[in-house]
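J.: Shown below is the structure under consideration.
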């Protein structure tokens, strides 16, 4: 019998949840980044593909698939997630960081450097 707090399902993030990420507030002041509907849609598509890949990996485990095949899929998800992170980082640098520097806040560079290190 399965514990009610345990689940075999990978949580799915709905498109409506992801769409709430952007807001019209200025990003550094309220920690929000406004995005165009098209940009949000493209990011959601990338996330949904990764979620699909993760669900595929779960099914592969459930089906006792060959370890090498599972590892190949894990590498694909890692690569997709890394690319997604670089897109978010580029957007952050081109919007939030530039805005803060233009406003005289050079301390934002420390945050940017820390974020770049996290994505290594």
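Residue numbers (my numbering): 1 to 120.
All C-beta atoms, glycine included, are put in the ideal place defined by N, C-alpha and C.
Here the structure is a predicted model, which means the values were calculated and not measured.
#1: Applying the criterion that 16 or more other CB atoms from any shown protein chain within 10 Å of the CB defines a buried residue, is residue 96 buried or exposed?
#2: With H, G and I counted as helix, E and B as strand and the rest as coil, what does DSSP make of residue 95?
#3: If we call anything under 8 Å between Cβ atoms a contact, is residue 51 one with residue 70?
#4: Check each candidate in 32, 31 and 46 and name the one with the smallest Cα separation from residue 38.
#5: Per DSSP, what kind of secondary structure is residue 119 in: helix, strand or coil?
#6: Cα-Cα, which of 101, 32, 113 and 83 is closest to residue 43?
#7: Under three-state DSSP, which class holds residue 121?
#8: Under 8 Å, with one C-beta from each stretch per pair, do the segment 99-114 and the segment 59-79 reach the 3-pair mark?
#9: Measure the alpha-carbon distance for residue 185 versus residue 73 and round it to whole angstroms.
#10: Measuring CA to CA, which of 41, 106 and 116 is closest to residue 85?
#11: For residue 35, which of helix, strand or coil comes out of DSSP?
#12: Suppose you measure from the CA of residue 55 to the CA of residue 106; what does that come to, to the nearest Å?
#13: Reducing DSSP to helix, strand and coil, say where residue 104 ends up.
T.: In terms of the structure at hand:
#1: To locate residue 96, count along the chain shown from 1; it is residue 96. Of the residues assessed, residue 96 falls on the buried side of the cut-off, its CB having 16 or more other CB atoms within 10 angstroms.
#2: By one-based count along the chain shown, residue 95 stands at place 95. DSSP places residue 95 in helix when its eight states are reduced to three.
#3: Start at 1 with the first residue of the chain shown, and residue 51 comes out as number 51. Start at 1 with the first residue of the chain shown, and residue 70 comes out as number 70. Taking 8 Å as the Cβ cut-off, residue 51 and residue 70 do not qualify as a contacting pair.
#4: Translated into the one-based positions of the chain shown, residue 38 becomes position 38. Residue 46 is the option with its Cα nearest to residue 38.
#5: By 1-based counting over the chain shown, the position of residue 119 is 119. Residue state, collapsed to three classes: coil.
#6: If you number the chain shown from 1, residue 43 lands on position 43. In this structure, 83 is the residue among 101, 32, 113 and 83 with its C-alpha nearest to the C-alpha of residue 43.
#7: Outside the displayed range of the chain (1 to 120) lies residue 121, so it cannot be described from this structure.
#8: No: the two stretches stay apart, fewer than three of their Cβ pairs being nearer than 8 Å.
#9: As shown, the chain starts at 1 and ends at 120. That puts residue 185 outside it, with no answer to give.
#10: Here the question's residue 85 lines up with position 85 in the chain shown. When the alpha-carbon of residue 85 is set against those of 41, 106 and 116, the nearest one is in 116.
#11: The residue labelled residue 35 in the question sits at position 35 within the chain shown. Coil at residue 35, not helix or strand.
#12: Taking the first residue of the chain shown as 1, we reach residue 55 at position 55. Taking the first residue of the chain shown as 1, we reach residue 106 at position 106. CA-CA distance, residue 55 to residue 106, rounds to 42 Å.
#13: Here residue 104 refers to the residue found at position 104 when the chain shown is read from its first residue. Looking at residue 104 - three-state DSSP - the assignment turns out to be coil, as it is neither helix nor strand.
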